[in-house]
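Peer 1: The structure follows.
Numbering (the numbering used here), first residue to last: 1 to 707.
Here's what the structure looks like:
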């Protein structure tokens, strides 16, 4: 058994280190190179020659396992290895010819147009297709064949630092490498393949640029042939037929590439105003990357190394190869694709939530009283929601239908609260945090920081007013409902066992804090659904569509249809967010139980109503029981975690979407802590408006006496 484990360990080390492991045992570079370079065989199969080239690149890139070298020292070590390899080949002429024949035959058989036009660029036409392709390339092994030169290039340069190493190469070393690997025929072939790559990239850019999804978002409107993309196609044809050094064609091609990039900026501005589509953002990013690659290829083509050695303009070639390496590693990252494509969508959702959240901030004493009143309305409606919830719990439905009817109950209740102008306290943080993050972009001055602190204080006061209002409304309403139930039916709203179980379920000692934090996350997810629906409504231009829909206009009239479309545009986020919150609160415990997870939700207003109903069912003696006060403490923790977790999640998303620097976040955090220690009550209750006392006017006789 021990021998088998040792054998498996050796096999694992060979798999991890590849063929390079035997060469690491030598202290001198000479024996390593002699062993490695004698494997070069021009008559071997293509994939064997490709694997040998990968081994040579690994030898150049090799670093000691334990090293105190910094990044610059590691790059210098690579340069020394390359210098030693070239000098050693100059001293061994026969082996140099063998290596040269192997390299040149491998490059002659490989297709280079895909290297220039595909490497590092999104290859799929849609976001999710590209995402799937990247995941498969990350998981599956790499395939090497003459038609897959980008795979060989990626295998030879698997580290993003290889781009820096290539950029710092000495031009003389680069020229010696080129003479070793290529001849005039290979140079001419790759020159033609650069032109083929330009033709391919131009075709793809023009196809996207004249598509309806792009043209309908460009202003001003223009005929198809007058668009910059069609002009780019014509100018690129002229440039590729002309000499590489003709200034007029070169200037026109570069100018139109810049104009096409400006068109993508206009599309971004349109999306920023009317709504964001992830698929369209991906296509715009794909076009911008292709236009950048075209600029680099034009720079290489215009250089003076065609038909001669590479030392005339080595910097152009170095920049292109370094860009290929960096773009390949950037494209290989699934996280970068998701982050880049969803960044604009996240910002748009944050901005729309911020627009809605600005209405939930009480900025003066009148606004504070209005928030208290709205919170009382929300609390009274929530009392009836608790009654329906208790009744559903006593029916004994199957778990799925129990969660479904609970979701319907929550949704109807929350929609009713919104309809009568009430407020549910825990829905506020997820939509007010983006409004607060918008203020963080104005911290260039002390006045900006002071304004932000004032906004934070008003926001927290608004949260406190809504919570106080909810509790003020739900407690007496629940007591009245319990008394009415006892008076009319002669029975309590809950049985004794059910009431005791409800009180124990709200106890601070137990999973209540975890459930409250989970509910805060659900509140934040509901706000995301609201922002997504608002963005989708604007992106599809449903307001204009519904206002002019033929059947709606015929049934309601033009003016009424326009008012109905405007109302739906203003309230679609509230409707979708409320419905999503009801479904999340009702169905999350059911789905968790399906997967064997003992999870539940704890909402502060619903939990308070449940505690009051259970206490009323048990009688006044419950006030002397310790479990009751543990439940009261649990209510306090539920409220804090509901508001805090929802606010934190929304704030983190808003800060990331608006790209607020970490330094500014720390400044704000320290300033808020200082403000809390100085005046903590200002975060819970409104401050008194400063009264400016009028200065009395002195009488004329008093003025004369002074003089």
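Note that CB positions come from ideal geometry on N, CA and C, so glycine has one too.
1) Quick one: complete alpha helix (DSSP H) runs, 4+ long, within the region 258–297?
2) Is it true that the CB of residue 271 sits closer than 8 Å to the CB of residue 228?
3) Assess contact between the region 502–510 and the region 396–409, defined as three or more Cβ pairs (one per stretch) separated by less than 8 Å. Is contact present?
4) DSSP three-state call for residue 718: helix, strand or coil?
5) What's the gap between the Cα of residue 673 and the Cα of residue 604?
6) Let me know if residue 491 comes out buried or exposed under the rule of 16 or more other beta-carbons within 10 Å of its beta-carbon.
7) Roughly how many angstroms lie between the CA atoms of residue 168 and residue 82, to the nearest whole one?
8) Here's the rule: buried if 16 or more other CB atoms are within 10 angstroms of the residue's CB, otherwise exposed. What is residue 391?
9) Leaving out the 5 sequence neighbours to the left and right, which residues in its chain are closer than 7 Å to residue 8 when beta-carbon positions are compared?
10) So residue 34 is in the alpha helix (DSSP H); what residue range does that whole segment cover?
11) Looking at chain D, is there any beta carbon in it that lies within less than 8 Å of the beta carbon of residue 388?
12) Is the beta carbon of residue 241 closer than 8 Å to that of residue 206?
13) Is residue 542 helix, strand or coil when you go by DSSP?
14) Can you check which of these residues, 572, 527 and 522, is closest to residue 543 by C-alpha distance?
15) What distance in whole Å lies between the Cβ atoms of residue 150 and residue 195, which are believed to be in contact at a cut-off of 8 Å?
16) Can you tell me which of the three DSSP states residue 221 falls into?
17) Would you call the region 514–527 and the region 634–642 in contact, with 3 or more CB pairs under 8 Å?
18) From this set, 321, 384, 119 and 404, which residue's C-alpha is nearest residue 289's C-alpha?
19) Specify the secondary structure class of residue 118 as computed by DSSP and reduced to three states.
20) Using the rule of at least 16 other Cβ atoms within 10 Å of the residue's Cβ for burial, across every protein chain shown, is residue 73 buried or exposed?
21) Return the chain-ordered list of same chain residues with a C-beta closer than 6 Å to the C-beta of residue 499, the five sequence neighbours on each side being excluded.
22) Within 10 angstroms of the Cβ of residue 309, are there 16 or more other Cβ atoms? Answer buried if so, exposed if not.
23) Helix, strand or coil: which one does DSSP assign to residue 493?
24) Going by DSSP, what residue range makes up the alpha helix (DSSP H) through residue 416?
25) Can you tell which of 55, 98, 76 and 185 has its C-alpha closest to the C-alpha of residue 40?
26) Under the rule that 16 or more other beta-carbon atoms within 10 Å means buried, what is residue 589, buried or exposed?
27) Among the residues of its own chain, which have a CB less than 6 Å from the CB of residue 583, if the five just before and after it don't count?
28) By a C-beta neighbour count over all protein chains shown, 10 Å radius and 16 as the cutoff for buried, is residue 59 buried or exposed?
29) Which residue wins for smallest C-alpha separation from residue 191, given the options 116, 454 and 600?
30) With respect to the alpha helix (DSSP H) encompassing residue 384, which residues constitute its N-terminal and C-terminal limits?
31) Is DSSP giving residue 157 helix, strand or coil here?
32) Can you tell me whether residue 386 is buried or exposed? The criterion is at least 16 other CB atoms within 10 Å of its CB, across all chains shown.
33) How would you call residue 567, buried or exposed, if buried means at least 16 neighbouring beta carbons within 10 angstroms?
34) Evaluate residue 383 with the Cβ neighbour count: other Cβ atoms within 10 Å of its Cβ, from every protein chain shown; 16 or more gives buried, anything less gives exposed.
35) Assign residue 44 to one of three DSSP states: helix, strand, or coil.
Peer 2: On the basis of the coordinates in this document:
1) The qualifying runs do not exist here; there are none.
2) Not a contact, by the Cβ cut-off of 8 Å.
3) Verdict: no, contact absent.
4) There is simply no residue 718 to check, as the chain begins at 1 and stops at 707 in what is shown.
5) Computed Cα separation, rounded: 26 Å.
6) Burial check for residue 491: the Cβ neighbour count within 10 Å stays below 16, so the residue is exposed.
7) Separation of residue 168 and residue 82 (C-alpha to C-alpha, rounded to the nearest whole angstrom) is 12 Å.
8) Taking a 10 Å sphere around the C-beta of residue 391, we find fewer than 16 other C-beta atoms and assign the residue as exposed.
9) Around residue 8: no qualifying Cβ.
10) DSSP places residue 34 in the uninterrupted alpha helix (DSSP H) bounded by 29–37.
11) No chain D appears in this structure, which consists of one protein chain only.
12) Result no, Cβ atoms of residue 206 and residue 241 do not sit closer than 8 Å.
13) Three-state DSSP puts residue 542 in a helix.
14) Of 572, 527 and 522, the smallest CA-CA separation from residue 543 is found for 572.
15) Distance from residue 195 to residue 150 at the Cβ level is roughly 18 Å; contact not present, criterion being Cβ atoms closer than 8 Å.
16) The answer is coil: DSSP assigns residue 221 none of H, G, I, E or B.
17) Result yes; three or more Cβ-Cβ pairs closer than 8 Å.
18) Looking only at 321, 384, 119 and 404, the smallest Cα-Cα distance to residue 289 is reached by 119.
19) Three-state result, residue 118: coil.
20) The residue is exposed, with fewer than 16 neighbouring Cβ atoms inside 10 Å.
21) The residues 614, 617 and 618, in chain order, have a CB closer than 6 Å to that of residue 499 in the same chain once the five nearest residues on each side in sequence are set aside.
22) With a pLDDT of only 41 at residue 309, under 50, the local geometry of the prediction cannot be trusted, and the value read off the model is given with reservation. Exposed.
23) In the displayed model, residue 493 falls within coil according to three-state DSSP, outside both helix and strand.
24) Unbroken alpha helix (DSSP H) run through residue 416: 399–419.
25) Answer by Cα proximity: 98.
26) With a 10 Å radius around the Cβ and a threshold of 16 neighbouring Cβ atoms, residue 589 comes out buried.
27) Here the set comprises 407.
28) By the neighbour-count rule (16 or more Cβ atoms within 10 Å), residue 59 is buried.
29) If you compare the alpha carbons of 116, 454 and 600 with that of residue 191, the shortest gap goes to 116.
30) Note, residue 384: alpha helix (DSSP H), 365–395.
31) It is coil, neither helix nor strand.
32) Under a 10 Å Cβ-count criterion, residue 386 is classified as buried, with 16 or more other Cβ atoms of the shown protein chains found around its own Cβ.
33) Looking at its Cβ environment, which holds fewer than 16 other Cβ atoms inside 10 Å, residue 567 is exposed.
34) Its Cβ being crowded by 16 or more others within 10 Å, residue 383 is buried.
35) Of the three classes helix, strand and coil, the one that applies to residue 44 here is coil, per DSSP.
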